[in-house]
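Participant: The numbering of the sequence shown is the UniProt record's numbering, which starts it at 1 and goes up by one.
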Amino acid sequence: MVGSCNGFLCHYSRCHLHISNPVTGELLSLPTPSELGTLGDCYGFGFSPISGVCKLVRITSREGEPKQVMVLTVGSGIWRNIGHPAYSFSSITPCHGIYLNGFLHWIGRSCRDWSRRLCAFDVESERFQELPLPPSSYDLDKTYFKLGVLKGWLSVILNLNGDISVWVMKDYGVKESWTKEHEFKDPVGSFGTSILKFTEEGQVLGLNNDDRSMQAYTLARTGLVRVEVDGLPLMISEAWDLVPSFFSLKDISP
1 MVGSCNGFLC HYSRCHLHIS NPVTGELLSL PTPSELGTLG DCYGFGFSPI
51 SGVCKLVRIT SREGEPKQVM VLTVGSGIWR NIGHPAYSFS SITPCHGIYL
101 NGFLHWIGRS CRDWSRRLCA FDVESERFQE LPLPPSSYDL DKTYFKLGVL
151 KGWLSVILNL NGDISVWVMK DYGVKESWTK EHEFKDPVGS FGTSILKFTE
201 EGQVLGLNND DRSMQAYTLA RTGLVRVEVD GLPLMISEAW DLVPSFFSLK
251 DISP
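(1) Could you round the C-beta distance between C10 and Y99 to whole angstroms and report it? I think they count as a contact, below 8 Å.
(2) If I measure Cβ to Cβ from L160 and keep anything under 8 Å in the same chain, skipping five residues before and after, which residues do I get?
(3) So what's D141 in DSSP terms, helix, strand or just coil?
(4) Is the beta carbon of P49 sitting closer than 9 Å to the one on E126?
(5) Assuming contact is defined by CB atoms lying nearer than 9 Å, are I195 and V53 in contact in what I supplied?
(6) Just curious, the beta strand (DSSP E) that I50 is in, first and last residue?
(7) Between P85 and the rest of its own chain, which residues show a CB-CB distance below 7 Å, the 5 nearest in sequence each way excluded?
(8) With DSSP collapsed to three states, give me the class of L147.
(9) With a CB to CB cut of under 6 Å and the five nearest residues on each side skipped, what residues in its chain are close to L72?
(10) Can you tell me whether K250 is buried or exposed, with buried defined as 16 or more other CB within 10 angstroms of its CB?
(11) For I157, tell me which candidate among P22, A216 and K180 has the shortest Cα-Cα distance.
(12) Can you look up K185 in the DSSP assignment and give me helix, strand or coil?
Given below as structure tokens:
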């Protein structure tokens, strides 16, 4: 999975790239990059509310070569090289960009001083900018980060040795607007659980890093309490938001 945006899902493999709408059942095949990807490559799928186009972003990572940012405007059929990023994302997981309000977001490292940065890629202008990180007392070099969207706000989950905190940026781009929404202990132990998804109702989907099983929890005063939910898959690697849409893929691919 590359990402989810406006009711569409973007899927990529070494040989196939396509966008789908699970509601309408439509599938749109896209041209793959001329060079095969590597495990260190990062991807993003976003929408520009200004021009009304969808774009795919690929940040290549090859040993001994400078990183390149490639962009595909859906419907153009052409991957464009727009230059070198000032950040490295390959050592930070996950490598897919989180879309919100016309921007794709990654946690990366500055190529200048290797410090952690929250990077936002403007889908319209195709330029990177930096956003402030939450005012955490954690040692950022030893902390696991996970970006997401919670209640319509950009969110960051921090996990340091099993101490988990969930922050949301209530005023986009404003450092002082970061607010800690939740704080609890990892139910499995230090880095035993990867938090996949928070719901507005206080439910939590977690991935057990030992056996890759998916588990559901509810947030209580004592922390996370596991709950039994029928129909959960036995194994999973990621969870994505999808807002159902009846828009046709023909509308984004002239």
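Just so you know, even glycine gets a beta-carbon here, dropped at the ideal spot from N, CA and C.
Facilitator: So, from the listed chains and residues:
(1) Locating residue 10 in the sequence shown gives position 10, where the first residue counts as 1. Locating residue 99 in the sequence shown gives position 99, where the first residue counts as 1. So it is not a contact: roughly 10 Å between Cβ atoms.
(2) Locating residue 160 in the sequence shown gives position 160, counting from the first residue. Cβ neighbours of L160 beyond the five flanking positions: Y138, D139, K142, T143 and Y144.
(3) Position 141 of the sequence shown, counted from the start, is the residue given in the question as residue 141. Note: D141 maps to helix in three-state DSSP.
(4) Along the sequence shown, read from residue 1 onward, the residue named residue 49 stands at position 49. Along the sequence shown, read from residue 1 onward, the residue named residue 126 stands at position 126. Contact: no.
(5) In the sequence shown, counting from the first residue as 1, residue 195 sits at position 195. In the sequence shown, counting from the first residue as 1, residue 53 sits at position 53. No, they are not a contact pair.
(6) To locate residue 50, count along the sequence shown from 1; it is residue 50. Segment: none, I50 is in no beta strand (DSSP E) and carries neither H nor E.
(7) Within the sequence shown, residue 85 is the residue found at index 85, counting from 1. Result list for P85: I59, K67, V69 and F128, in chain order.
(8) Here the question's residue 147 lines up with position 147 in the sequence shown. In this structure, L147 counts as strand in the three-state DSSP scheme.
(9) Counted from its first residue, the sequence shown places residue 72 at position 72. So the qualifying residues of the chain are L56 and W79.
(10) If you number the sequence shown from 1, residue 250 lands on position 250. K250 comes out exposed.
(11) By one-based count along the sequence shown, residue 157 stands at place 157. Taking only the C-alpha atoms, the option nearest I157 is K180.
(12) Looking up residue 185 in the sequence shown gives position 185. Of the three classes helix, strand and coil, the one that applies to K185 here is strand, per DSSP.
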